[in-house]
Amino acid sequence: MISSNDGLKALEFEILATEGAARAGLIHTRRGVIETPVFMPVGTQATVKGVRFEALEAEELDARIILGNTYHLWLRPGADVIRACGGVHKFGSWRRAMLTDSGGFQVWSLGELRKITEDGVKFRSHIDGSSRFMSPEVSMEVQAALGSDIVMMFDECAPGKSEHDMAKQSMELTLRWGKRSRIRFDELQREEADTGRIQISNGKFEISNNDECEISNRTADSIDEVSNGISNARTSISNAGTEVSNKIPGSTSAISNLPFEISGEAEPRQIRLSNSQALFGIVQGATHVDLRRESLRRTVEIGFDGYALGGLSVGEEKTVMYDVIEEIAPEMPVDKPRYLMGVGTPEDLIEGVARGVDMFDCVLPTRNARTGQALTSRGKLNIKNARFTTDTRPLDARCECSVCRRHTRAYLRHLYMTGEMLASILLTHHNLFFFLDTMKRVRQAIRSHNFSDFRRDFLAEIAAGVE
RNA sequence: GCAGGGGUGGUCGAGUGGUUAAUGGCACCGGGCUGUAAACCCGGCAGACGAAAGUCUUACGUAGGUUCAAAUCCUACCCCCUGCA
């Protein structure tokens with residue numbers, strides 16, 4: 059129990075529209091409203107590589123939530139440093155929501171540098187080789203110091219092709235770690251160890267001396283076609299795309315979340331939140347549906363603010379991944395966000411949404427940008443290819459991002475081939491736009507019940523290949 | 001002019017009688033990248049034929065020579081660098 063916020067949740071999820079298993083909704087967090095389905099750019103080291111926060115916040119990209127990584131920030135600069143600087147938001151000046159991965163994925167990706175025991179994981183730092191110990195408790199403590207808005211439980215991510223026995227052991231360990239995560243997390247919230255609490259003064263939320271917390275966000279999506287079947291009076295969302303006041307309403311109440319203007323007539327919905335961190339559980343079990351189902355049931359028993367599917371896209375066949383999602387996602391709590399961790403390609407996002415997933419994250423748009431790959435409505439484009447040397451077309455003829463409106467493939471290739479950092483910056487910008495804009499179109503499609511057509515057309519076009 | 005050093009594949013640069021179609025870097029060409037050990041990693045890179053193993057041709061300034069065998073040794077020539085005149 060959080061004494062000062064009895065009854066209030068850290069996070070609220072509401073569904074605005076559904077089509078088949080796909081859902082369009084809103085996640086209310088203490089740092090703003092997130093329209094779902096959502097793609098979260100990965101910002102491991104408190105930075106989304108290659109993009110300024112201004113660009114992420116601006117209308118063009120309008121990323122509502124990004125990721126941070128517990129393991130990386132714990133090693134460098136260190137949890138104590140970030141705590142001393144007031145938390146990760148204040149440290150980097152990011153004003154919107156942040157989800158932090160627990161370090162669980164590093165248990166998998168740093169395979170040769172770690173040793174797993176019941177207690178936790180002994181890592182050899184990839185930076186200097188020193189020995190470090192991470193456990194559910196440590197992960198929760200670090201994430202409290204970071205002050206992220208959504209905390210992930212500490213899990214073990216087994217290889218995609220794990221045999222049933224191994225996957226079960228791993229799943230059981232993850233469940234025990236989940237329980238320990240929950241316990242330590244709750245203690246830390248009671249102790250107010252979370253640095254991400256939004257300060258309130260004069261009816262405004264403030265996170266630093268000068269910057270008011272950007273608690274509200276513009277209504278980004280055109281959602282006037284929300285069906286009448288949606289609950290409550292907010293069936294019509296007008297003025298799509300218009301700027302809504304960024305300032306907090308003159309409310310004197312504690313943490314409410316945002317004037318995200320939903321309806322021209324209806325009272326903007328204000329949801330009061332607890333101003334504490336939210337905690338998500340992670341379902342494991344590799345490709346074994348029976349294990350996944352059991353993992354889900356027992357994770358829900360522990361109780362979390364949202365549920366993630368972990369351990370996918372880690373070596374298993376793609377069709378297997380889709381099957382697992384299809385089997386498990388619909389069984390996840392309807393009233394909580396469903397998060398597919400680490401996925402994926404544009405096609406994966408569409409297929410995930412079609413199976414009921416609300417949240418995604420992936421390094422693909424940012425990492426691949428730095429290695430010369432643009433993702434377009436016509437599939438992958440390798441800017442290094444000689445065929446683009448004098449190609450004066452934009453990366454993607456259908457893309458409306460500022461890079462595509464201004465630069466040619468020939469120029470971008472030149473920048474890449476000469477090793478200019480601007481190549482990475484521009485490709486990152488384009489790729490993030492493509493991912494975020496695709497999700498915006500997905501949301502619109504679900505709200506107007508066109509998702510099925512959208513999905514078919516999107517996949518057909520992307521399969522056609524780059525001209 | 002004299003003395004010394006040197007000319008190697010797109011480029012820089014190893015290699016001093018056979019295991020060398022010639023190490024390596026760069027450039028170039030192609031591929032990969034899914035909760036970021038990633039501005040990274042992998043492959044190709046004389047030509048022709050072949051699915052491949054492989055076969056043939058042409059190559060270490062130029063032209064000769066020694067040798068079973070030469071990028072490697074010898075001779076002449078051409079060119080470059082440094083020093084002295």
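Heads up, my numbering is the position in the first sequence plus 58, with the first residue counted as 1.
For each residue, glycine too, the CB sits at the ideal point set by N, CA and C.
Can you tell me where the alpha helix (DSSP H) holding residue i begins and where it ends?
i: N489; result: M479 to R505
i: H86; result: Careful: H86 lies outside any alpha helix (DSSP H), inside the beta strand (DSSP E) at A80 to T87.
i: P423; result: L422 to R428
i: V165; result: G162 to S167
i: G150; result: V146 to G150
i: R467; result: R467 to M475
Helix or strand or just coil, what does DSSP make of residue i?
i: R330; result: strand
i: E72; result: strand
i: I185; result: coil
i: G437; result: strand
i: S460; result: helix
i: A455; result: coil
i: V139; result: helix
i: V524; result: coil
i: T128; result: helix
i: R154; result: coil
i: P194; result: helix
i: A444; result: helix
i: D120; result: coil
i: A251; result: coil
i: D177; result: coil
i: A518; result: helix
i: D449; result: coil
Once you ignore the five residues that flank residue i on each side, which residues in its own chain have a CB closer than 6 Å to its CB?
i: M417; result: V96, P395 and Y397
i: Q456; result: A small fix is needed here, since residue 456 is Arg in this sequence, not Gln. Contacts found: S435.
i: L233; result: R356
i: E409; result: Y380
i: H487; result: V461
i: M210; result: D159, S160 and F338
i: A336; result: A68, L69, I208 and D363
i: M399; result: A366 and G368
With a CB to CB cut of under 8 Å and the five nearest residues on each side skipped, what residues in its chain are close to residue i?
i: I386; result: V341, V347, R350, R351, L354 and L367
i: G78; result: A412, F509 and S510
i: E405; result: L517 and I520
Using the beta-carbon count (16 or more within 10 Å), is residue i buried or exposed?
i: V146; result: buried
i: K226; result: buried
i: M479; result: exposed
i: V109; result: buried
i: V392; result: exposed
i: V139; result: exposed
i: Q201; result: buried
i: G65; result: exposed
i: N127; result: buried
i: G161; result: buried
i: N48; result: The chain is shown only over 59 to 525; residue 48 falls outside these bounds and no answer can be derived.
i: E195; result: buried
i: S289; result: Summary for S289: the model assigns pLDDT 33, below 50, so the residue's position carries little reliability; its value from the coordinates is reported in the next sentence. So S289 counts as exposed.
i: S151; result: exposed
i: P388; result: exposed
Excluding five sequence neighbours on each side, which residues of the same chain lie with their C-beta closer than 7 Å to the C-beta of residue i?
i: M165; result: Note on identity: in this sequence residue 165 is Val, with Met being the wrong assignment. So the list reads R172, I174, V179, E214 and C215, once near-sequence residues are dropped.
i: G83; result: F71, E72, I73, L74, T94 and D416
i: S266; result: Because S266 sits at a pLDDT of 44, beneath the cut-off of 50, its placement in the model cannot be relied upon, and the following sentence gives the value as read from the coordinates. If we look at S266 and ignore the five residues flanking it on each side, its Cβ neighbours are K148.
i: G144; result: T253
i: A468; result: F446, T447, T448, D449 and T450
i: K237; result: I360
Return the first residue and the last residue of the beta strand (DSSP E) that residue i is part of.
i: E115; result: No beta strand (DSSP E) holds E115; the alpha helix (DSSP H) holding it covers F111 to E115.
i: R172; result: R172 to I174
i: I256; result: Segment: none, I256 is in no beta strand (DSSP E) and carries neither H nor E.
i: V96; result: V96 to P99
Legend entry - Minimum length 4: unbroken alpha helix (DSSP H) runs contained in the stretch 335-419: 347-360, 376-386 and 404-412
Inset, instruction - Any chance you could list the alpha helix (DSSP H) runs of at least 4 consecutive residues sitting entirely within the stretch 199-246, in chain order? - result: The qualifying runs do not exist here; there are none.
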